[in-house]
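In terms of the numbering used here, the sequence shown opens at residue 163 and continues consecutively.
Below is one structure, written out as structure tokens; comments come after it.
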Amino acid sequence: MSVTRREFVASALALPFVGNARAGEAKLPVVVDTHLHCFAGKDDPKFPYHKDGPYQPADPATPEHLLKCMADGGVDYAIVVHPEPYQYGAARDILTAA
163 MSVTRREFVA SALALPFVGN ARAGEAKLPV VVDTHLHCFA GKDDPKFPYH
213 KDGPYQPADP ATPEHLLKCM ADGGVDYAIV VHPEPYQYGA ARDILTAA
């Protein structure tokens, strides 16, 4: 069987669109949480809330906890956004430590 260069290139370009689902198997959509916060908790001296933060959750929402919640809820990816209790500064450090 002979394959022309044009046929080879056309086939190669189509590969990303084929997917890896088996015949008859439904492909599930990717789930993305577009607004996720991480909190160290009110009693964590390493990442204190800003005195003017509009709300200050008592319990931590650690990256590990949030990853478990995502797995339990079928969430594939998340976008972490800056939580207001920190105002500016400490939230960046929480993400760096994660």
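Beta carbons are placed, not taken as given, at the ideal position from N, Cα and C, and that holds for glycine.
Assuming residue i contacts residue j (C-beta within less than 8 Å), just tell me the rounded distance between them.
i    : j    : result
L228 : C200 : 6 Å
Taking just the CA atoms, how far does residue j sit from residue i?
i    : j    : result
P191 : M232 : 15 Å
D221 : G235 : 20 Å
P225 : E187 : 32 Å
A223 : D205 : 12 Å
P216 : S173 : 56 Å
M163 : V193 : 42 Å
V237 : D195 : 7 Å
P207 : P219 : 14 Å
Quick check on DSSP: helix, strand or coil for residue i?
i    : result
L228 : helix
A233 : helix
A172 : helix
Can you name the residues that DSSP bridges to residue i?
i    : result
L190 : Per DSSP, none; premise fails for L190.
V242 : L198
A220 : Answer is none; A220 lacks a bridge partner.
Exposed or buried, what is residue i when buried is set at 16 or more other beta-carbons lying within 10 Å of its beta-carbon?
i    : result
L202 : The amino acid occupying residue 202 in the given sequence is Ala; Leu does not appear at that position. The residue is buried, with at least 16 neighbouring Cβ atoms inside 10 Å.
Y211 : buried
When the cut-off is 8 Å and only beta carbons count, does residue i lie next to chain B?
i    : result
D195 : Note that chain B does not occur in the displayed structure, where there is just one protein chain.
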